[in-house]
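What follows is a set of notes on a single structure, which appears directly below.
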Amino acid sequence: MPDSTLVGLHHEEEHHPELLHHFATEEQQRDASSLGMWVFLATEVMFFGGLFCAYLIYRRLYFGDFGAASKSIDATLGATNTAVLICSSLTVVLAVWAAQTARRTLLLTMLAVTMLLGCVFLGIKAVEYKDKFEEHHVPGASFSFNNVPIPGHPGEYANPRHAQIFFSLYFVMTGLHALHMIIGLGIFSWLLYAAWKGRFTPEYHTPIEIGGLYWHFVDIIWIYLFPLLYLIDRHP
Amino acid sequence: MTEHSSASEKSSPLKLYFGIWIALLAGTYITYKAAFIELGPFNAAVALGIATIKATLVALFFMHVYHASEKLTKLVVIAALFFLLLLLGLTMSDYATRPWS
């Protein structure tokens, strides 16, 4: 390691062997940036972890009420959004590959498509939120969840106070996730601008990789939110 | 850095990326369909099991943990998962055993 650092300092320009391409002289810097991003993502795991923990506690306590509340959400919209995010993860990984292999048009296209898919996700989310507002399922003074049967328990009805806890968790968790999506769109607008300016080369494209890590992480959070919020007690 | 990572970078990874993408979409479809089938307590197990497989695929191949040249990356991932399991495991074991006292 010390040798390569010295070599890197003194002969940086000469040492770009084709074989190693972007991993050559920028490797140490790239690894450090990537590691820093992973440490940040670890803190994000704990951040969302607290919410998942709260969810698990209340799901266990108010099992049937959560099932009834979950059933009122449109699972097809949730599934569509999952597919949209998975497609955006593919376009992100293709953007990283395009940067690695110096494909400018593909890089710009993939970054733009990723942002488009991010906007589609937020649009579908907005439709979902609109439904919840119209149904008075938003926690607060106008919240109403009366005479909703508990799945699998004929004749029993969900306690509105307990259902309100489900919807509080639903709005906080999906809202925080949507906030991450909006921040991700901001990051990707900058990446698109910098890529347009030709800032990224096979030797240096760390921002694309780091931004990609963030986008994939937000995708992983949604992969868990989807079954936990949309798909509990769906069966007849 | 290692022969492994440089070799995987030389050959085109596109086939892998599209393969993972198909697997993730298939996982989503199975999760969605399985939720409407009565499986008793296994509904949650199936849904969370598939979610974990999907998350692992994204982390390993889309986030390049599998080919990471820096071993510390793997350490950070494992540490994050360890503390998450500590949080969920200890909290839920507390709540689950309260009726015993």
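In the order they appear, the protein sequences are chains L and H. Throughout the first sequence, residue numbering follows numbering that gives the first Met the number 0, covering 0 to 235 in sequence. Throughout the second sequence, residue numbering follows numbering that gives the first Met the number 0, covering 0 to 100 in sequence. Built from N, CA and C at the ideal position, the CB exists for glycine as well.
Check                                                                                                                                                                         : Outcome
What residue range is occupied by the uninterrupted alpha helix (DSSP H) comprising Pro206(L)?                                                                                : 205-224
Give the residues of chain L in contact with Tyr94(H), contact being defined as C-beta atoms less than 7 Å apart.                                                             : Ile56, Arg59
Return yes when the Cβ of Met180(L) is within less than 8 Å of the Cβ of Val217(L), no when it is not.                                                                        : yes
Which of the residues in the region 93-109 of chain L, read from start to end, lie with their CB under 7 Å from any CB of chain H?                                            : Leu93, Trp96
With DSSP as the reference, label Pro159(L) as helix, strand or coil.                                                                                                         : helix
Counting Cβ pairs, one atom from each stretch, are 3 or more of them under 8 Å apart for the region 115-124 of chain L and the region 69-82 of chain L?                       : yes
Three-state secondary structure (DSSP) at Pro148(L)?                                                                                                                          : strand
What did DSSP end up calling His20(L) once you bin it into helix, strand or coil?                                                                                             : Low confidence applies here, because His20(L) scores a pLDDT of 49, under 50, leaving its location unreliable; read the following figure in that light. Helix.
Give the single residue among Gln163(L), Ala177(L), Thr104(L) whose Cα lies nearest to the Cα of Ala125(L).                                                                   : Ala177(L)
Taking the alpha helix (DSSP H) that Lys70(L) falls in, what are its first and last residues?                                                                                 : 62-70
Between which two residues does the alpha helix (DSSP H) holding Lys129(L) run?                                                                                               : 103-133
What's the call for Ala98(L), buried or exposed, on a 16-neighbour Cβ count within 10 Å?                                                                                      : buried
When you compare each of Thr100(L), Ser167(L), Ser188(L) to Gly139(L) by their alpha carbons, which one comes out closest?                                                    : Ser167(L)
Is the CB of Thr81(L) under 8 Å away from at least one CB in chain H?                                                                                                         : yes
When you compare each of Met109(L), Leu228(L), Thr100(L) to Leu89(L) by their alpha carbons, which one comes out closest?                                                     : Met109(L)
Strictly below 7 Å CB to CB, what residues from chain L border Phe61(H)?                                                                                                      : Ser88, Val92, His215
For Lys70(H), which of helix, strand or coil comes out of DSSP?                                                                                                               : helix
Excluding sequence positions up to five away, which residues of its chain have a Cβ less than 7 Å from the Cβ of Ala6(H)?                                                     : Reliability fails at Ala6(H), whose pLDDT of 41 lies under 50, so the model's placement of it is uncertain and the value that follows must be treated cautiously. Closer than 7 Å at Cβ, skipping near neighbours: no residue.
From this set, Phe165(L), Ile123(L), Pro153(L), which residue's C-alpha is nearest Phe142(L)'s C-alpha?                                                                       : Phe165(L)
Going by C-alpha to C-alpha distance, which of Glu43(L), Thr42(L), Ile182(L), Val91(L) sits closest to His63(H)?                                                              : Val91(L)
Return yes when the Cβ of His234(L) is within less than 8 Å of the Cβ of Ile49(H), no when it is not.                                                                         : no
Pick helix, strand or coil for Ala140(L), following the three-state DSSP scheme.                                                                                              : coil
Within the same chain, show all residues whose beta-carbon is closer than 6 Å to that of Phe266(L), passing over the 5 residues directly before and after it, in chain order. : One cannot answer for residue 266(L) here, as it falls past the ends of chain L, which runs 0 to 235.
Here's a check: name, in chain order, each residue in its chain whose Cβ is nearer than 8 Å to the Cβ of Phe225(L), leaving out the five neighbours to either side.           : Gly77, Ala78, Asn80, Thr81
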